[in-house]
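Below is one structure, written out as C-alpha coordinates, with a few remarks after it.
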(Lines of atoms letter the chains of each structure in order from A and count residues from 1; the text may use other names and numbers.)
(Lines give C-alpha, C1' and ligand atoms only; values in the text may rest on other atoms or scores of the structure.)
Protein backbone atom coordinates (compact mmCIF):
# COMPACT_ATOMS: atom_id res chain seq x y z
CA UNK A 1 0.00 0.00 0.00
CA UNK A 2 1.45 3.37 -0.98
CA UNK A 3 1.90 6.27 1.37
CA UNK A 4 -0.72 8.22 -0.55
CA UNK A 5 -3.40 5.50 -0.17
CA UNK A 6 -2.64 5.11 3.55
CA UNK A 7 -2.98 8.85 4.10
CA UNK A 8 -6.21 8.82 2.14
CA UNK A 9 -7.56 5.97 4.27
CA UNK A 10 -6.56 7.69 7.55
CA UNK A 11 -8.20 10.92 6.44
CA UNK A 12 -11.47 9.11 5.82
CA UNK A 13 -11.19 7.30 9.14
CA UNK A 14 -10.54 10.60 10.91
CA UNK A 15 -13.51 12.18 9.18
CA UNK A 16 -15.77 9.32 10.27
CA UNK A 17 -14.56 9.59 13.86
CA UNK A 18 -15.50 13.28 13.85
CA UNK A 19 -18.88 12.87 12.10
CA UNK A 20 -20.28 9.92 14.07
CA UNK A 21 -20.58 11.81 17.38
CA UNK A 22 -22.34 14.64 15.55
CA UNK A 23 -24.93 12.25 14.16
CA UNK A 24 -25.83 11.28 17.73
CA UNK A 25 -26.97 14.87 18.27
CA UNK A 26 -29.71 14.39 15.67
CA UNK A 27 -31.47 11.75 17.75
CA UNK A 28 -35.16 11.07 18.19
CA UNK A 29 -37.25 13.52 20.21
CA UNK A 30 -37.16 13.02 23.97
CA UNK A 31 -40.23 11.66 25.80
CA UNK A 32 -40.82 15.18 27.11
CA UNK A 33 -40.76 16.65 23.59
CA UNK A 34 -43.12 13.96 22.29
CA UNK A 35 -45.48 14.62 25.19
CA UNK A 36 -45.48 18.37 24.52
CA UNK A 37 -46.02 17.94 20.77
CA UNK A 38 -48.88 15.50 21.18
CA UNK A 39 -50.52 17.36 24.04
CA UNK A 40 -50.53 20.47 21.87
CA UNK A 41 -51.99 18.44 18.98
CA UNK A 42 -54.74 17.15 21.30
CA UNK A 43 -55.53 20.60 22.71
CA UNK A 44 -55.97 22.08 19.22
CA UNK A 45 -58.79 19.56 18.64
CA UNK A 46 -60.87 21.26 21.37
CA UNK A 47 -62.79 18.06 22.10
CA UNK A 48 -64.96 18.53 25.19
CA UNK A 49 -67.34 15.65 24.41
CA UNK A 50 -65.77 12.29 23.64
CA UNK A 51 -65.52 8.69 24.73
CA UNK A 52 -62.79 6.09 24.60
CA UNK A 53 -62.13 2.50 25.56
CA UNK A 54 -59.52 1.91 28.26
CA UNK A 55 -57.78 -1.33 29.14
CA UNK A 56 -55.42 -1.46 32.11
CA UNK A 57 -52.95 -4.34 32.13
CA UNK A 58 -51.23 -4.93 35.45
CA UNK A 59 -50.94 -7.31 38.37
CA UNK A 60 -54.12 -5.83 39.86
CA UNK A 61 -57.54 -7.02 40.93
CA UNK A 62 -59.84 -8.17 38.13
CA UNK A 63 -62.14 -5.17 38.09
CA UNK A 64 -59.22 -2.90 37.25
CA UNK A 65 -58.08 -4.98 34.28
CA UNK A 66 -61.49 -5.34 32.64
CA UNK A 67 -61.93 -2.94 29.68
CA UNK A 68 -64.06 0.12 30.34
CA UNK A 69 -65.59 2.91 28.29
CA UNK A 70 -64.94 6.40 29.62
CA UNK A 71 -67.28 9.21 28.58
CA UNK A 72 -66.51 12.90 28.91
CA UNK A 73 -69.10 15.66 28.47
CA UNK A 74 -68.24 19.36 28.64
CA UNK A 75 -64.74 18.41 29.75
CA UNK A 76 -65.97 16.39 32.75
CA UNK A 77 -66.05 12.61 33.14
CA UNK A 78 -69.72 11.62 33.20
CA UNK A 79 -69.51 7.84 33.14
CA UNK A 80 -67.20 4.87 33.30
CA UNK A 81 -68.85 1.59 32.36
CA UNK A 82 -67.71 -1.95 31.66
CA UNK A 83 -67.05 -2.30 27.94
CA UNK A 84 -68.71 -5.71 27.73
CA UNK A 85 -71.89 -5.06 29.75
CA UNK A 86 -72.32 -1.29 29.88
CA UNK A 87 -72.74 -1.52 33.67
CA UNK A 88 -71.17 1.18 35.84
CA UNK A 89 -67.85 0.29 37.48
CA UNK A 90 -66.17 1.56 40.62
CA UNK A 91 -64.81 4.90 39.42
CA UNK A 92 -62.12 5.11 42.09
CA UNK A 93 -60.10 2.49 40.20
CA UNK A 94 -59.97 4.70 37.10
CA UNK A 95 -59.90 8.28 38.42
CA UNK A 96 -56.26 8.68 37.30
CA UNK A 97 -57.15 7.67 33.73
CA UNK A 98 -60.63 9.12 33.26
CA UNK A 99 -59.82 11.80 30.68
CA UNK A 100 -57.21 12.37 28.01
CA UNK A 101 -55.73 15.26 30.00
CA UNK A 102 -55.23 12.89 32.96
CA UNK A 103 -53.56 10.38 30.65
CA UNK A 104 -51.10 13.11 29.67
CA UNK A 105 -50.57 13.71 33.42
CA UNK A 106 -49.70 10.01 33.84
CA UNK A 107 -47.03 10.35 31.15
CA UNK A 108 -45.68 13.56 32.70
CA UNK A 109 -45.46 11.90 36.12
CA UNK A 110 -43.55 8.96 34.63
CA UNK A 111 -41.10 11.39 33.03
CA UNK A 112 -40.73 13.47 36.21
CA UNK A 113 -40.17 10.42 38.42
CA UNK A 114 -37.80 8.88 35.86
CA UNK A 115 -39.55 5.53 35.65
CA UNK A 116 -37.34 2.61 34.69
CA UNK A 117 -39.36 2.11 31.51
CA UNK A 118 -41.74 4.42 29.70
CA UNK A 119 -42.93 3.75 26.16
CA UNK A 120 -45.76 5.89 24.84
CA UNK A 121 -47.53 5.63 21.50
CA UNK A 122 -49.63 8.59 20.39
CA UNK A 123 -52.45 8.84 17.87
CA UNK A 124 -50.85 10.54 14.84
CA UNK A 125 -53.94 12.63 14.07
CA UNK A 126 -55.43 13.62 17.43
CA UNK A 127 -52.33 13.33 19.61
CA UNK A 128 -53.83 11.41 22.54
CA UNK A 129 -51.82 8.50 23.98
CA UNK A 130 -52.98 5.16 22.55
CA UNK A 131 -50.63 3.11 24.71
CA UNK A 132 -48.66 3.93 27.84
CA UNK A 133 -46.30 1.16 28.91
CA UNK A 134 -44.62 1.77 32.28
CA UNK A 135 -42.30 -0.03 34.66
CA UNK A 136 -41.80 1.99 37.81
CA UNK A 137 -38.55 0.44 39.11
CA UNK A 138 -36.15 -2.11 37.65
CA UNK A 139 -35.64 -3.97 40.91
CA UNK A 140 -39.34 -4.33 41.72
CA UNK A 141 -41.31 -7.26 40.33
CA UNK A 142 -44.89 -6.99 39.10
CA UNK A 143 -45.06 -3.19 39.15
CA UNK A 144 -45.47 -2.88 35.39
CA UNK A 145 -48.59 -1.25 34.01
CA UNK A 146 -49.84 -0.79 30.47
CA UNK A 147 -52.73 1.47 29.51
CA UNK A 148 -54.30 0.88 26.11
CA UNK A 149 -56.61 3.60 24.86
CA UNK A 150 -58.68 3.16 21.73
CA UNK A 151 -61.92 3.78 19.88
CA UNK A 152 -61.83 7.45 20.78
CA UNK A 153 -64.79 9.19 19.21
CA UNK A 154 -66.22 12.66 19.42
CA UNK A 155 -69.71 12.90 20.90
CA UNK A 156 -72.29 15.42 19.78
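Residue numbers (this note's numbering): 3 to 158. Backbone N, C-alpha and C define an ideal beta-carbon position, used for all residues, glycine too. Source: prediction; values computed, not measured.
So the beta strand (DSSP E) residue i belongs to, where does it begin and stop?
{"i": "residue 135", "result": "131 to 137"}
{"i": "residue 125", "result": "Neither: residue 125 is in no beta strand (DSSP E) and is coded neither H nor E."}
{"i": "residue 63", "result": "Element bounds for residue 63: n/a, residue is neither H nor E."}
{"i": "residue 153", "result": "146 to 156"}
On the DSSP letters alone, give me the boundaries of the alpha helix (DSSP H) that residue i sits inside.
{"i": "residue 40", "result": "33 to 47"}
{"i": "residue 109", "result": "102 to 114"}
Please go through the same chain and pick out, in chain order, the residues whose beta-carbon is closer than 7 Å to the beta-carbon of residue i, but skip the five residues on each side of it.
{"i": "residue 62", "result": "none"}
{"i": "residue 68", "result": "84"}
{"i": "residue 52", "result": "74, 154, 155, 156, 157"}
With C-beta atoms as the reference, is residue i less than 8 Å away from residue j?
{"i": "residue 56", "j": "residue 70", "result": "yes"}
{"i": "residue 49", "j": "residue 113", "result": "no"}
{"i": "residue 102", "j": "residue 44", "result": "yes"}
{"i": "residue 72", "j": "residue 96", "result": "yes"}
Who does residue i pair with in a DSSP beta bridge?
{"i": "residue 84", "result": "70"}
{"i": "residue 98", "result": "Answer is none; residue 98 lacks a bridge partner."}
{"i": "residue 58", "result": "149"}
{"i": "residue 53", "result": "73, 155"}
With a CB to CB cut of under 6 Å and the five nearest residues on each side skipped, what residues in its chain are close to residue i?
{"i": "residue 146", "result": "137"}
Given residue i, which residues of its chain have a CB within under 8 Å of its CB, disregarding the five upstream and five downstream residues?
{"i": "residue 89", "result": "83"}
{"i": "residue 105", "result": "99, 130, 131, 134, 149, 151"}
{"i": "residue 47", "result": "128, 129"}
How about residue i: is its C-beta nearer than 8 Å to some C-beta of chain D?
{"i": "residue 52", "result": "Absent here is chain D; the protein component of the structure consists of one chain."}
Counting pairs of Cβ atoms below 8 Å between the segment 76 to 87 and the segment 117 to 129, do you hit three or more? They do not touch, by the three-pair rule.
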